[in-house]
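Q:
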Amino acid sequence: MAPSELRPVRRRLDAHEPEPEDAEDIEEYPDDGFDGRVRLDPGRRGMVALVGVGVAAVVLAGWFVWRDHPVSQPVPALPVVVTTSEAAEPAVAADLVVSVVGAIARPGLVTVPPGSRIADVLLAGGGALPGTDLLGLNLAQKVSDGDQIVVGAPAPPMSSAGASNAGTSGGGGSGGGDADDSTGKTLSLNDATESDLDALPGVGPVTASSIVAWRDANGPFTSVDQLGEVDGIGPARLEKLRDLVAP
């Protein structure tokens, strides 16, 4: 375009150009610290994102704190230990009650500790009377509860059947042979009287009466072992009588 053609246009632009404002009319804006920089406006979505980031940061920080916090563990209860002040005391065996009769200073019942022997029983009864023959007693034998000891007892007599046969043995030769065979060395428990039983070693009047009472209550003896059921006859005394008596 020729310069002559541009002049009319320039004149029109100059006619519409606004006049410059005076310095007094210029509005002063406060200094907000941005020094003319553009202000940041995140908008609605930006604010939501910032809030979400802040919440996530708080939650994450709380999780780290909770993880590092020591957790108290429950202490298991200690077992209850029961202690006894004293050990259980062993059972003390009861004393033995033994009957001692015959040639003894103090006949009757004596009490001796377990494991005592016939010699201890005689000592507890005051000792045997002077001149008493003690050869029939085994002083070292142990006694049991309920035993009876006869001091100075004579040898057991023959059974009544044997005595009767012995009295008639003066007959013929065959009769004499029968008497020898029938003269046994045992006393019949079913035929013996209290006197016969009292003469047995280790059997006194009380035990002899008990044997007769048992026989009356239970019927005839069928075995020597049944003497063990009689009051006053223990295992030791039963063994003494086993070879001296028969049913």
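Sequential numbering from 3 applies to the sequence shown in the working numbering.
The C-beta atom is built at its ideal place from N, Cα and C for all residues, glycine as well.
#1: Whose CA, out of G104, D135, L98 and S211, lies closest to the CA of V114?
#2: Quick one: what does DSSP say Q143 is sitting in, helix, strand or coil?
#3: Cutting at 7 Å between CB atoms, please list the residues of its own chain near G129, excluding the five before and the five after it.
#4: Would you list the one or two residues that DSSP bridges to S114?
#5: Looking at the strands, I want to know which residues DSSP matches up with V247.
#6: For the structure I just gave you, are there three or more beta carbon pairs, one from the stretch 234-244 and one from the stretch 140-148, closer than 8 Å?
#7: So T134 packs on V153, CB below 8 Å; how close in whole Å?
#8: Please name the residue in S101, V208, G117 and R217 whose C-alpha comes closest to that of D193.
#9: Does the Cβ of G234 have 16 or more other Cβ atoms within 10 Å, making it buried, or fewer, making it exposed?
#10: List the endpoints of the continuous beta strand (DSSP E) containing V153.
A: Checking against the coordinates, here is how it stands:
#1: L98
#2: coil
#3: A107
#4: Per the sequence presented here, residue 114 reads as Val, with Ser not at that position. V114 is bridged to L98.
#5: L189
#6: yes
#7: At roughly 6 Å, the Cβ-Cβ gap stays under 8 Å, so T134 and V153 are in contact.
#8: R217
#9: buried
#10: Q150 to V153
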